[in-house]
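Numbering (my numbering), first residue to last: 67 to 366. Even for Gly, the Cβ is constructed at its ideal location relative to N, Cα and C. A short write-up of the structure that comes next.
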């Protein structure tokens with residue numbers, strides 16, 4: 067209850083945007099979100115899905131299945147694969163699960179970026195955290211982690227062999243904490259996970275400390291963070307995870323600066339081969355095909 071009462075000043079933008087729409091951002095008016103949703107669904111084949119959480123919240127999401135090639139060569143290849151049962155042996159089914167960053171809902175995703183991921187052989191699963199757009203519930207740190215575990219478990223029920231998780235910014239923190247908890251709670255699912263964390267923070271408090279605002283305001287907000295259990299810390303969770311993982315970091319990130327980046331906290335305890343620098347990237351730049359291929363080669 068305390069977390070809900072005092073969380074408003076520090077809630078990520080998409081929660082506030084959903085509640086207050088045009089008073090916060092034109093992007094989160096009902097019309098703007100609906101237009102974004104239509105643009106997404108008009109450009110991709112999709113299935114709208116409902117994801118139940120452990121605490122009985124219903125999350126809204128979409129599953130975008132990769133396109134099947136229709137050329138004759140593809141049909142012939144698939145015929146022989148099926149005939150000799152090679153497909154099941156050599157071709158694993160895999161899904162790319164997207165964890166949104168701050169200020170994002172899945173309606174704002176770029177269809178071109180999703181198509182790039184599909185061309186790498188993935189279905190693409192997107193969802194909104196609780197209280198965002200069509201997802202139910204009220205936000206809290208514990209609730210967001212439950213959302214993360216729920217979407218991973220849901221993907222597992224769809225029969226995928228490999229669960230690739232890409233968490234950007236806030237999504238990187240939430241996905242890391244969710245996967246760390248699954249290690250103890252659902253070890254079979256945990257072993258299917260391939261974790262790709264992209265430009266995330268070590269804690270929200272660390273990010274706030276880098277903001278150029280009055281000291282008194284900063285001090286008050288940090289106190290509220292600690293009091294309301296909204297200071298999402300990630301370092302211990304990252305170090306707990308012993309499945310395949312990859313961490314992107316960007317020295318020129320204007321939002322999550324070096325002092326607040328998870329990379330700074332874990333670079334000395336993480337295999338150097340799992341750390342990937344994004345040179346000249348800003349916070350919201352999309353990963354390229356080469357970036358994603360690099361991550362896939364690291365996590366397997």
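Each of 278, 269, 256 was checked against the Cα of residue 235, and the nearest Cα belongs to 269. When secondary structure is reduced to three states using DSSP, residue 199 falls in the coil class, being assigned neither helix nor strand. With the rule of 3 Cβ pairs closer than 8 Å, the segment 269 to 282 does not count as touching the segment 245 to 254. Between the alpha carbons of residue 272 and residue 201 lies a distance of about 29 Å. Using a Cβ distance threshold of 8 Å, residue 216 and residue 298 do not count as a contacting pair. A direct Cα-to-Cα measurement between residue 174 and residue 99 gives close to 8 Å. In this structure, the beta-carbon distance from residue 300 to residue 266 falls below 8 Å. The beta carbons of residue 131 and residue 108 sit no closer together than 8 Å.
Where residue 113 is concerned, the enclosing beta strand (DSSP E) starts and stops at 113 to 118. Taken in chain order, the whole alpha helix (DSSP H) runs of length 4 or more contained in the segment 266 to 334 are 270 to 275, 281 to 294, 301 to 306, 328 to 332.
Between the alpha carbons of residue 336 and residue 315 lies a distance of about 13 Å. Secondary structure of residue 256 (DSSP, three-state): helix. Bridge partners of residue 160 according to DSSP: 228.
Here residue 281 is exposed, its C-beta having fewer than 16 other C-beta atoms within 10 Å. Per DSSP, residue 343 lies in no alpha helix (DSSP H); the unbroken beta strand (DSSP E) holding it starts and ends at 341 to 343. Collapsing the DSSP output to three states places residue 262 in a strand. When secondary structure is reduced to three states using DSSP, residue 126 falls in the strand class.
In the DSSP assignment, residue 176 falls outside any alpha helix (DSSP H), carrying neither H nor E. It is roughly 42 Å from the alpha-carbon of residue 356 to the alpha-carbon of residue 293.
Beyond the five residues adjoining it in sequence on each side, residue 203 comes within less than 7 Å, by CB distance, of 123, 196, 197, 209 in the same chain, given in chain order. Under a 10 Å Cβ-count criterion, residue 338 is classified as exposed, with fewer than 16 other Cβ atoms of the shown protein chains found around its own Cβ.
Ranked by how close their Cα comes to the Cα of residue 121, the residues 129, 321, 285, 212 have 212 in first place. Residue 223 and residue 283 have their alpha carbons spaced roughly 46 Å apart.
The continuous beta strand (DSSP E) containing residue 191 extends over residues 189 to 193.
Shown here for residue 346: same chain residues with a beta carbon closer than 7 Å to its own, the five before and five after excluded, namely 318 in chain order. Setting aside the 5 residues that flank it on each side, residue 183 is surrounded in the same chain by 162, 190, 358, each with a C-beta closer than 8 Å to its C-beta; the list follows chain order.
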